[in-house]
Structures are given as structure tokens and as C-alpha cells.
Amino acid sequence: MNVLGPTRSSAAMKWNSLIGDALNRFTTGRRRRDDDDDEGAQRHGQQQQPFRCVVSEQMVGIFVSVWARSGLRRHVRHAAASCVGAGVLGRLGNKGAVSVRFLLHGTSFCFVCCHLASGGKDGDAQLRNADAADILSRTTFRRRTTAAASPAPEELPLPRKILDHDRVVLLGDLNYRIAMDDAEARLLVRAGKWSMLLENDELLLELAEGGSFDGWREGLVTFSPTYKYHLNSDMFYWSIDAAAGGGDKQQQRAPAWCDRILWRGKGMRQASYERCGGYRISDHRPVRALFDAVCELAGGGVGVEHSAAGIASFGHVPLL
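Counting in the numbering used here, the sequence shown runs from -10 upward without gaps.
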């Protein structure tokens, strides 16, 4: 989640409260439906299964929060966070990434929430690629620092770098644009020809070439562009202002898929990838993905348990 404004712990706490309320309200509602359908047979088994926060972290305007069911939470260990700034002067944190990692059973997970360089001018895509490479290179998780946190004899050393983890998800306002003539892109947007636009999507081109995202994957993009919209509207920013001949020329650039979710690692399957409808409090539109992930058991045994992870990327939502 990319949140406008300086670091404020109160804002992060408020977002965590809202996330927890939403997750547990959904779980409670579904449990009640199950109880009605099964005449209460599932009541005792599911009643004590609310979601709990595993780890959350904020750096300036970037915030990430990971949650797990209470029944699964006891299998989550060694949660940690790492922040890397890539903004003004490369270190101030208005751009960059917040990464969190943990072990689920014997499998390491890492979630990387990014805000890469903005802009649609020539050369800006290279700045985004450089930001991504810098984040992947510089992000480091600390080693265990207390005796209580020492690994069990059968545990391998914890991964310290993003790419050392078994399953990795990278998401956020990646800011990639459409690499084609602006006027032509607008015609395709008006016609709703997303597949033709995506042939020139900067991120998809970079994924195909390797480079900063070598080994990463993205699900099929079938949704409309996520940026840039008028607040509380489904109208693209340029569709009104450009037609009227007003507004900043740079802000009139054709829409793009700025908000994305990538992943890498064996044992992951993406079940869905879509844009969230109904959220109009930002000039971005959030996207979400659902993954099934296979987890090895602690000690090296192969687990048959699958863990579903819902991932959402919100670009530029207001502080609360």
C-alpha cells in the first residue's frame, strides 16, 4: 500500500485496525452462513479462528501488513522487516520499498511493497528498472540477535536477501507506463483495446527481456488501467482536462497499469489477478491477487498443506 504523507504510526495503526476488522468481519459472516447450512456443526471448529497481524511496517508513504489465521499463526516464525529508500538522493524514502519476511512451517516468504520512480518521459523506465535492482540488491534482513530466537538444530540459516527466500511477492505502485505514442495510446484506451496497449507495457517488456526482473512472473492482465483517475470518479484524468484544453500536459498522459503484483519461487500458483472495483478515493485503482502456496514442513518434510494468500496493492490512498 502506498500512503500519501510522512511516516505516522497512528495512520499505520488505523490501517491495521481497519484491515483486521474487515478480515474478521468477513470470516465471521462466512462462519455464520456455514453454521446455517450445516446446522451448527462447524461452529466449535471455526469460532476461534480470527485473523491476527503477523508483521507490519511503514516507511514514509509505503506500508505493508501481513495477516494470518490464528490457527496458522503459531506456525509463523522469525517475522522481520527491512526498509530501503530510493527517492530523492536515493535514500530519503519517498520512493523505495518496505519488505517483510517470515517462515511458515519450513518455507520462507518475503513480501516487497514498492514505490518506484514516476514519470512518462524517455528514460524514466530505466530509472524504475534501476530502483528495482537497487531494492533487490540493498534490502537485507538482520540475523537473529537473541538466544531465544536461535534456530532449532534442524533449521537452516534464515535468508537475508529478498531473492534468497522460497516464495516472494513484489507489489505496489511500480509506475510503469505505455511505451508508445501518446495519441495512439489514447485511441486504444477509448476503444478498450487493452491487449494492444499491453503489447507496449514497459513492465511486460522488461519481464520479457529479463534485466531487473529476471525470473519474476506476473499473471495475465485482463483488467483496465489502474492510473490516472479523477477522485471519486471512473473518468480518466486526461479524458476531461485534455478535452477542455486545460491542465498540466504531463498529467494528461494516457492511462497505464501502474499498480502491479509479481511473484517468483516454486510451489506457488496464482488463482486470480484482478482490479478491485468500487474504490475511488485515489487517482489509482487497487489490484489484488490470490495465490496457493505449498509449504514444506519444518525439519525438511514435504507438506501437503496449501496456504491461500490474498494480496492487495493500493496506490496513493490518503492518510487516516
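Every residue, glycine too, gets a C-beta built ideally from N, C-alpha and C.
- A distance below 9 Å separates the beta carbons of G161 and I51.
- By the Cβ neighbour-count rule, S271 is buried, with 16 or more other Cβ atoms within 10 Å of its own.
- Within the DSSP secondary-structure output, Q259 pairs in a beta bridge with F280.
- Taking 9 Å as the cut-off, the Cβ atoms of G74 and L152 do not count as close.
- When H104, W56, M48 are compared, the shortest CA-CA separation from D10 is found for W56.
- Residue range 51 to 58 is occupied by the beta strand (DSSP E) that includes V55.
- For the segment 58 to 108, the full-length beta strand (DSSP E) segments reaching 3 residues or more read 65 to 74, 85 to 93, 96 to 104 along the chain.
- By the Cβ rule, the segment 181 to 192 counts as touching the segment 200 to 218, because three or more pairs are nearer than 8 Å.
- Of the other Cβ atoms in all chains shown, 16 or more fall within 10 Å of the Cβ of T96; this residue is therefore buried.
- According to the DSSP assignment, V178 belongs to the alpha helix (DSSP H) that extends over 171 to 179.
- Of the other Cβ atoms in all chains shown, fewer than 16 fall within 10 Å of the Cβ of Y268; this residue is therefore exposed.
- For W205, the three-state secondary structure derived from DSSP is coil.
- The residue from S45, F40, D123, R41 with its alpha-carbon nearest to that of S(-2) is S45.
- In the pairwise beta carbon analysis, the segment 168 to 180 is classified as not touching the segment 86 to 100: fewer than three pairs are separated by under 8 Å.
- Y216 carries a strand assignment under DSSP once its states are collapsed to helix, strand and coil.
- As the crow flies, the alpha-carbon of P39 is around 14 Å from that of N5.
- Each of F202, R264, D248 was checked against the Cα of S107, and the nearest Cα belongs to D248.
- Its chain contains P275, R277 as the residues whose beta carbon lies nearer than 6 Å to that of C265, once the 5 sequence neighbours on both sides are disregarded; these appear in chain order.
- Just so you know, the alpha carbons of S59 and D171 end up roughly 49 Å apart.
- Counting along the chain, D223 sits inside no beta strand (DSSP E), nor does DSSP assign it H or E at all.
- Looking at the backbone, the Cα of A1 and that of Q47 are separated by about 7 Å.
- N221 counts as exposed, since fewer than 16 other beta carbons sit within 10 angstroms of its beta carbon.
- The C-beta of D223 has fewer than 16 other C-beta atoms within 10 Å across all chains shown, which makes the residue exposed.
- In this structure, DSSP gives I270 a state outside helix and strand, which the three-state scheme calls coil.
- Residue range 191 to 198 is occupied by the alpha helix (DSSP H) that includes E195, with no beta strand (DSSP E) assigned at that position.
- Membership of W252 in the beta strand (DSSP E) is indicated by the continuous run 248 to 253.
- A buried status is given to S54, since no fewer than 16 other beta-carbon atoms sit within 10 Å of its beta-carbon.
- Around the CB of K255, fewer than 16 other CB atoms lie within 10 Å, so the residue is classed as exposed.
- Cβ atoms of L93 and V49 stay farther apart than 8 Å, at about 29 Å.
- Across the structure, K84 and G112 are spaced so that their CA atoms are roughly 17 Å apart.
- Check the Cα spacing between F280 and each of L286, S261, H273, A287: the tightest is with S261.
- Shown here, K110 sits in coil according to DSSP, grouped into three states, outside any helix or strand.
- Following the DSSP letters along the chain, one finds L159 inside the beta strand (DSSP E) bounded by residues 156 to 162.
- With respect to the C-alpha of A282, the residue from R63, D155, Y218, E195 having the closest C-alpha is D155.
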